Amino acid sequence: MYESFFGLTENPFSIAPNPHFLYMSERHREALAHLKFGLRDTGGFVLLTGEVGTGKTTVSRRLLKELPELTDLAFVLNPMLTESELLATLCDELKIPYPEQPSLKQLTDVIQAFLLQNHQQGRQTVLLVDEAQHLKVSVLEQLRLLTNLETDTQKLLKIILIGQPELNQLLRRQELRQLSQRITARYHLLPLSRKDCAQYVLHRLRIAGRERPLFTRAAVSRLHKHSGGIPRLMNLLCDRAMMGAYGAQQDKVDARMMDEAAREIIGQELRPAKSPMPWWPWALLALAGAGAMAAYPWMQQGQHSGPAPSAPVAAPATKASADVAAVADIVPAARDRISLAAFDALFAAWGMQAPDGEPCTQAQRLGFRCLRQEGPWRELVALGRPAVLELLDDSGERFFAALTKAGKDYQLVLSNKTVSVTSHWLDLHYRGNAILLWRPPPQFDNALVPGNQGDLVAWLDGALSQVLHDQPQNTQRYDDAMQNRVRSFQRQSGLKADGLAGENTLVRLNRALGAPGPVL
1 MYESFFGLTE NPFSIAPNPH FLYMSERHRE ALAHLKFGLR DTGGFVLLTG
51 EVGTGKTTVS RRLLKELPEL TDLAFVLNPM LTESELLATL CDELKIPYPE
101 QPSLKQLTDV IQAFLLQNHQ QGRQTVLLVD EAQHLKVSVL EQLRLLTNLE
151 TDTQKLLKII LIGQPELNQL LRRQELRQLS QRITARYHLL PLSRKDCAQY
201 VLHRLRIAGR ERPLFTRAAV SRLHKHSGGI PRLMNLLCDR AMMGAYGAQQ
251 DKVDARMMDE AAREIIGQEL RPAKSPMPWW PWALLALAGA GAMAAYPWMQ
301 QGQHSGPAPS APVAAPATKA SADVAAVADI VPAARDRISL AAFDALFAAW
351 GMQAPDGEPC TQAQRLGFRC LRQEGPWREL VALGRPAVLE LLDDSGERFF
401 AALTKAGKDY QLVLSNKTVS VTSHWLDLHY RGNAILLWRP PPQFDNALVP
451 GNQGDLVAWL DGALSQVLHD QPQNTQRYDD AMQNRVRSFQ RQSGLKADGL
501 AGENTLVRLN RALGAPGPVL
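Heads up, the sequence shown is in the UniProt record's numbering, so the first residue is 1 and it goes up one at a time.
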């Protein structure tokens, strides 16, 4: 209806999953990388979870396009099946003949014969199950049994489970622990950031034929607030706001129109889920004192009656049993203490007492910076410094713990205890948000980019020469040559090679230089 009015060739905000409009944010690309890693030679189960509308289908469609040519794919869209029905569907998808009214054993036998034949022909077999949170426990167990067929080096069937967050809860059940241990990669897809939200809108408009901005900056800001960064909801809001602008014969969508669209689409009493990061300001402010905790709803969840601790728990903490069940024993009784002790332990690891007031401000006065991280916990561990992690307990409640050691097991500080957990436990419980301390070089303010000049660039020049074992350029200018050297270091360190010396790059550079400080 409004396409020609805005100079568009088609509707840019249809909720149909049109691959023509595919936008891969950094989070979607990261999710794709995890899935591809999980489907490498060893095989097994790969897990992708996310809230409704976050783009799981977008990621899975891109993954299917990038599968090797010698791949046979079975796609199950309706998981509300019995064991026999699921196996029959798998046979139908892979064009495997089977008898009429087959038994479970007959279906299993023909599938296993097909998998062996495929392997001998150099082909791989992949099963993708969408909406996997609806799978019955018995069906999941049947899928696990199918993956028992393997060679000395790999599974013959690779299974991708895609579902809503309830799928994680399902896989934590005791009877599914064997399946859970076979998950080789898992990723929880978060909503889009504010920056990605703006890029998403521009991308879809550009594909639909409009290069000029259509939404004001304020409208995009309101879009992110109302949608929580969920792409499907963003599409609905943008479409409705454009209808409003068309009706008013205005060539721009402003904040007022976006608010009106939200009232109509979401409703007066409804609010979208909040962006995943806002807990950090609350957590940091809470460190000002235990007495202030009652003001922050996130600290009240699961809180028990009784007085708040009069002082933060001292760190380092006493050693507890290495049994990961200790986490479940500690969390319900002392959620508020755990949150405070986590930040205490982070500062204690650097040989400092947790300061009064907002800790990142206080840390900066001491020559440190807070670095906030989103993404897989393994990338956090690669930075090599202690960090506070946001975690979920088995009941789905949030709590915070300090990661102080990494290796075969991982050491967490909770309340007045230290527990050891496995990488598998972190896969199940880590929420994707963390914060760590680091010591920046002198005069550091923001990321160094091409065109910068000064003493900080000279410091970067010298630091890179030590790490890359090349000759310093003896320059104070961030030129193309410097950018290429930064890219070399980033590739060497497993970072995104964008040639910008931001906080992640400098933290890794500090470690490579042997800068003093605690290590995991």
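For each residue, glycine too, the CB sits at the ideal point set by N, CA and C. These numbers come from a predicted model, not from an experiment.
Simplified DSSP state of residue i, which is helix, strand or coil
| i | result |
| --- | --- |
| serine 465 | helix |
| threonine 89 | helix |
| methionine 277 | Residue placement at methionine 277 is poorly supported in this model, since its pLDDT is 38, which falls under 50; the coordinates are not used for a value here. |
| glutamate 150 | strand |
| serine 221 | helix |
| tryptophan 438 | strand |
| arginine 372 | strand |
| methionine 299 | Annotation note: pLDDT 28 at methionine 299 (below 50); position unreliable, coordinate value reported separately. Methionine 299 falls in the helix class under three-state DSSP. |
| valine 129 | strand |
| glutamate 264 | helix |
| isoleucine 162 | strand |
| glutamate 503 | helix |
| threonine 108 | helix |
| valine 449 | coil |
| leucine 189 | strand |
| asparagine 433 | strand |
| threonine 58 | helix |
| aspartate 239 | helix |
| proline 39 | The sequence shown places leucine at residue 39, not proline. In the structure shown, leucine 39 sits in coil (DSSP, three-state: anything other than H, G, I, E or B). |
| threonine 9 | coil |
Cβ shell of residue i (< 8 Å), same chain only, five flanking positions each side left out
| i | result |
| --- | --- |
| glutamate 3 | Thr9, Glu10, Asn11, Ala208 |
| threonine 318 | Any reading at threonine 318 must be qualified, since the residue scores a pLDDT of 40, below 50, and its modelled position is unreliable; no value is offered. |
| valine 76 | Leu86, Thr89, Leu90, Glu93, Leu127, Leu128, Val129, Asp130 |
| alanine 515 | Arg439 |
| glutamine 453 | Gln476, Arg477, Tyr478 |
Nearest neighbour of residue i, chosen from the options [CA to CA]
| i | options | result |
| --- | --- | --- |
| arginine 232 | Glu51, Gly514, Val507, Gly44 | Glu51 |
| valine 381 | Gly462, Leu456, Phe343, Ala402 | Ala402 |
| glycine 128 | Asp72, Gly367, Leu460 | Note on identity: in this sequence residue 128 is leucine, with glycine being the wrong assignment. Comparing Cα-Cα distances from leucine 128 to each of Asp72, Gly367, Leu460, the minimum goes to Asp72. |
| lysine 496 | Tyr430, Ile96, Glu379 | Glu379 |
| glutamine 443 | Pro450, Asn510, Asp455, Gly432 | Asp455 |
| glycine 499 | Arg256, Asp480, Leu383 | Asp480 |
| glycine 247 | Val507, Asn504, Gln492, Phe6 | Phe6 |
| arginine 372 | Val507, Ser14, Val137, Glu150 | Val507 |
| isoleucine 159 | His134, Lys136, Gln124, Leu192 | Gln124 |
| glycine 122 | Ser420, Leu70, His134 | Leu70 |
| histidine 188 | His28, Leu116, His424 | His28 |
| residue 601 | Leu157, Tyr478, Arg61, Ser180 | With the chain covering only 1 through 520, there is no way to say anything about residue 601. |
| lysine 56 | Ala31, Pro376, Thr108 | Ala31 |
| threonine 216 | Met258, Asn235, Gln249, Asn474 | Met258 |
| aspartate 427 | Leu171, Asn484, Leu509 | Leu171 |
| proline 366 | Leu437, Gln490, Phe21 | The question names proline, but residue 366 in the sequence shown is leucine. Of the listed residues, the one whose Cα sits closest to leucine 366 is Leu437. |
| isoleucine 446 | Ser84, Gly462, Gly502 | Note that residue 446 is asparagine in the sequence shown here, rather than isoleucine. Ranking the options by Cα distance to asparagine 446, first place goes to Gly502. |
| glutamine 242 | Asn235, Met234, Val253 | Checking the displayed sequence, the identity of residue 242 turns out to be methionine instead of glutamine. Ranking Asn235, Met234, Val253 by Cα distance to methionine 242 puts Val253 first. |
| valine 46 | Tyr23, Ile183, Glu141, Leu140 | Ile183 |
| glutamate 150 | Gln120, Leu167, Arg173, Glu141 | Gln120 |
| serine 193 | Leu391, Gln483, Trp425, Ser25 | Ser25 |
| asparagine 474 | Gly462, Gln483, Arg485, Asn484 | Gly462 |
Cβ-based neighbour list, residue i, same chain, cut-off 7 Å, excluding 5 preceding and 5 following
| i | result |
| --- | --- |
| glutamate 131 | Pro79, Gly163 |
| arginine 240 | Ala261, Glu264, Ile265 |
| residue 521 | With the chain covering 1 to 520 only, the question about residue 521 has no answer from this structure. |
| arginine 210 | Phe6, Gly7, Leu8 |
| glutamine 466 | Leu513 |
| phenylalanine 37 | Ala185 |
| arginine 511 | Gly384 |
| glycine 53 | Ile230, Pro231, Arg232, Leu233 |
Presumed contact (8 Å Cβ cut-off) between residue i and residue j, rounded CB distance
| i | j | result |
| --- | --- | --- |
| phenylalanine 400 | aspartate 393 | That belief does not hold up - the Cβ atoms of phenylalanine 400 and aspartate 393 are roughly 11 Å apart, past 8 Å. |
| glutamine 169 | arginine 144 | About 18 Å separates the two Cβ atoms, so there is no contact after all. |
| proline 441 | tryptophan 459 | 5 Å |
| tyrosine 430 | valine 449 | Not confirmed; about 31 Å, so no contact. |
CB contact below 8 Å: residue i versus chain B
| i | result |
| --- | --- |
| alanine 463 | In the structure shown, chain B does not exist; there is a single protein chain. |
Same chain only: Cβ atoms within 6 Å of residue i, ignoring 5 sequence neighbours per side
| i | result |
| --- | --- |
| isoleucine 96 | Val110, Phe114 |
| valine 519 | Gly384 |
| alanine 434 | Gln373, Leu380, Ala387, Leu389 |
| cysteine 238 | Phe13 |
| histidine 34 | Ala185, Tyr187 |
| proline 191 | Thr54, Gly228, Gly229, Ile230 |
Indicate whether the contact test is met: 3 or more Cβ pairs, each with one atom in the stretch 203-219 and one in the stretch 55-70, closer than 8 Å.
no
Should the stretch 213-228 be regarded as contacting the stretch 89-96, the criterion being three or more beta carbon pairs within less than 8 Å?
no
Is the stretch 342-352 in contact with the stretch 401-421, if contact means three or more CB pairs nearer than 8 Å?
Short answer: they touch.
At least three beta-carbon pairs within less than 8 Å, the stretch 184-202 to the stretch 210-221:
In short, these stretches touch, since the Cβ pair count reaches three.
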